[in-house]
Amino acid sequence: MVIVRAMEHTVMDLAGWLAPSKPSRVKAPPPAPDRPLKGERIVILGAPRNGPLACRLAGAGAGIMAAVGASTTRLVIRDEQPFGRFVTAHDQYRRAIALRGEGATIAICTEVEIIGELFTGEV
Numbered sequence: 075m076v077i078v079r080a081m082e083h084t085v086m087d088l089a090g091w092l093a094p095s096k097p098s099r100v101k102a103p104p105p106a107p108d109r110p111l112k113g114e115r116i117v118i119l120g121a122p123r124n125g126p127l128a129c130r131l132a133g134a135g136a137g138i139m140a141a142v143g144a145s146t147t148r149l150v151i152r153d154e155q156p157f158g159r160f161v162t163a164h165d166q167y168r169r170a171i172a173l174r175g176e177g178a179t180i181a182i183c184t185e186v187e188i189i190g191e192l193f194t195g196e197v
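Right, here's the structure in full:
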C-alpha cells in the first residue's frame with residue numbers, strides 16, 4: 075500500500091522504485107598548482123575525500139585519491155579515528171603496508187604530522 079501511494083505521489087513506476095540506487099561519487103578537491111605538496115598522491119583514512127583535511131591538503135598541492143594504489147605517495151590517518159586503535163586492520167592500511175613490502179615508497183603519517191610538516195616547511 076505504501077509503495078502504491080508513493081508511486082502515485084511521485085509518478086514513478088514500480089521498476090523505478092525497485093531499481094537499486096546509483097552510488098554518488100564524492101569528488102575530491104583539485105590540487106593547487108606550485109605548492110609544497112605538488113606531485114603527492116594522498117589517501118586519507120578516516121575522513122571524507124571532500125572534507126576539511128582533504129581541502130587543506132589539496133590547497134597545499136596534493137592530489138587526493140580514493141584508495142591506496144601503486145602511485146600513492148602517502149597514507150594520512152586522521153587523528154580522530156573512527157577505527158580507534160584498530161586502524162591497522164583497515165584494508166587501505168594493509169594495502170599500503172603490502173605495497174611497502176613490494177618496494178613502494180608510501181609514507182604513513184597522521185594528520186598532525188603532515189600539518190606540522192606543512193607548517194614548518196619540511197615538505
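With positions in the sequence shown counted from 1, the corresponding number in this note's numbering is that position plus 74. Glycine included, each C-beta is placed from N, C-alpha and C at the ideal position.
Under the three-state reduction of DSSP, I171 is assigned to helix. By the criterion of a C-beta distance shorter than 7 Å, R169 is surrounded in its chain by V142, once the five residues flanking it on both sides are discounted. Only exposed fits G190, as fewer than 16 other CB atoms lie within 10 angstroms of its CB.
CA-CA distance, I116 to E176, rounds to 19 Å. The three-state secondary structure of I188, taken from DSSP, is helix.
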